[in-house]
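Reviewing the structure listed below.
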Ligand code: MRU
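Residue numbers (this note's numbering): 33 to 376.
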């Protein structure tokens, strides 16, 4: 794997610091649930599946740190770890999915010693990590069939290896198409305000020599109207039971444009991202991030001082604009409750 977003190093977790890419490539080290939660909040690690995997390791790290405590103190510390991690970011359901799997793993060995519970939780985190890569590969195999040779594919945000344990979801479909021998070129939306497209997607594509052209977010309509885009593929943070898709802010705009220009709009979506407990997109919690992200980038602010700012990090694309969800179990055309329910 060319990009190893997260890696286990003997007794601690290392994650690529995605805040500083591509200017700098460095790993940050983590040894507690609280520090991993901070890494998720600060976007050292981001992207729904990667957040889930990081949270699983956060639980495992805390169990390891507390393994010499009494049973009661261990149980209490672990409960706090789950709470702290669950509060790190609200929209990506993979976070809660991973925590639920870790909780079930804990419950199944609850009678054992703290030391063996810690070992079981680390094994579970490793399994979630490996499973994520396998799922992305399966989505890639299903999704690449939707792309014709020579396709020019627009993507928004980063749903690549950096957003997962490896291979990626939306970029995983593109990688799989390239591996199948197709000539694919990517058009990457810059993705204001955090610039996941310009910094992360563009970086991943350049690393692998997959042709990639960067545009600012407001250029997509122009390119579509000139016939320069054949398909759109994005990732998602949470899909509601009716097929509504929450993803990076600006995705909805792209979906509306795609429909206007009769361009297929695909969403690469592991089943762990579908939340059947949420009826429709309106019920998905949308994170509001700090105003500084909109004022400028890092320490350089260009917005007029004193202006009011909104910074919703995600938006919801109604199911009617989604051509298909690409899952590890196959492609679901025109997603709705009727065709999503049987997947579970
Ligand atoms: O705020 P981010 O960078 O965590 O948002 C990421 C996205 O919106 C991705 O498109 C989504 O998580 C899918 S990643 C496979």
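Note that the Cβ used here is the ideal one computed from N, Cα and C, for glycine as well.
Opening and closing residue of the beta strand (DSSP E) in which residue i lies
i	result
residue 272	270 to 272
residue 246	244 to 247
residue 365	362 to 365
residue 264	263 to 266
Exposure of residue i, with buried meaning 16 or more beta-carbon neighbours within 10 Å
i	result
residue 126	buried
residue 37	buried
residue 215	exposed
residue 181	exposed
residue 205	buried
residue 306	buried
residue 339	exposed
residue 190	buried
residue 411	Absent from the structure is residue 411, since the part of the chain shown begins at 33 and ends at 376.
residue 254	exposed
residue 235	buried
residue 57	exposed
residue 342	exposed
residue 238	exposed
residue 41	exposed
residue 297	buried
residue 270	buried
Given residue i as reference, the closest of the options once Cα atoms are compared
i	options	result
residue 222	280, 170 and 214	280
residue 53	104, 84, 204 and 232	232
residue 79	64, 310 and 50	50
residue 154	93, 315, 123 and 130	93
residue 130	297, 347, 161 and 210	161
residue 145	174, 101, 177 and 201	101
residue 199	264, 164 and 174	164
residue 150	119, 283 and 43	43
residue 183	240, 159 and 244	244
residue 176	372, 314 and 357	357
residue 97	110, 87, 86 and 88	110
residue 62	81, 90 and 82	90
residue 286	240, 323, 353 and 228	353
residue 64	75, 209, 116 and 290	116
residue 136	147, 322, 157 and 122	157
residue 324	224, 317 and 312	224
residue 166	283, 196 and 152	196
Span of the alpha helix (DSSP H) around residue i
i	result
residue 32	The requested residue 32 is not part of the displayed model; the chain covers only 33 to 376.
residue 143	Unbroken run through residue 143: none, as it is neither H nor E.
residue 372	369 to 372
Extract the residue ranges of the beta strand (DSSP E) inside the stretch 180 to 261, only unbroken runs of 3 or more that lie entirely within it. 184 to 187, 217 to 221 and 244 to 247
Whole alpha helix (DSSP H) runs in the stretch 39 to 126 with 4 or more residues, listed along the chain? 65 to 73, 80 to 97 and 103 to 118
What residue ranges within the stretch 280 to 363 form continuous alpha helix (DSSP H) runs of no fewer than 4 residues, ordered along the chain? 283 to 292 and 324 to 327
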